[in-house]
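Each remark here refers to the structure printed beneath this line.
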Amino acid sequence: MKPRIHPASRPVVFRDRAADVAFLTRSTADSTRTIEWEDGTSYPLIDVEISSASHPFYTGTSRVLDTAGRVERFERRYGRAATVRP
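Each number in this note's numbering corresponds to the 1-based position in the sequence shown with 1 added.
The structure is reproduced here in structure tokens:
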């Protein structure tokens with residue numbers, strides 16, 4: 002790496018507001034807010050809306066799609082298609 006062209010990497014706490022989970026990692030992101038971590042040291046705090054702790058793709062949870070209900074709703078709204086006669 003070339004010297005003096007990369008931002009400084011330091012420990013930062015990211016807090017997921019949706020899952021109420023915080024994790025300490027290294028980052029170049031900066032924040033004026035701080036939080037005291039479990040080790041008693043104060044670190045910059047960055048609040049995020051979604052992280053691997055709350056996003057369904059990362060947590061392994063999935064949503065069940067009601068395809069039958071969608072088809073019935075479509076048919077109610079637009080009617081059944083005309084049948085083809087020989």
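Each residue gets a CB set at the ideal place from its N, CA and C atoms; glycine is no exception.
For clarity, every value in this text was computed on a predicted model and none was experimentally measured.
Handout entry: Counterpart residues of ASP17 in DSSP-defined beta bridges
Key = The sequence position of residue 17 within the sequence shown is 16, counting from 1. Looking at the DSSP assignment, ASP17 forms a beta bridge with VAL22, VAL49.
Practice task
Measure the C-alpha to C-alpha separation of ARG34 and LYS3 and round it to an integer number of angstroms.
Solution key: In the sequence shown, counting from the first residue as 1, residue 34 sits at position 33. In the sequence shown, counting from the first residue as 1, residue 3 sits at position 2. About 30 Å.
Exercise for the section: Would you check if the distance between the CB atom of SER32 and the CB atom of PRO12 is smaller than 8 Å? Expected result: Along the sequence shown, one-based indexing puts residue 32 at 31. Along the sequence shown, one-based indexing puts residue 12 at 11. No.
Handout entry: Residues that TYR102 bridges to, as DSSP identifies them
Key = Nothing about residue 102 can be reported from this structure: the residues present for the chain run from 2 to 87 only.
Handout entry: Bridge-paired residues (DSSP) for PRO12
Key = Start at 1 with the first residue of the sequence shown, and residue 12 comes out as number 11. The partner list for PRO12 (beta bridge, DSSP) reads ARG27.
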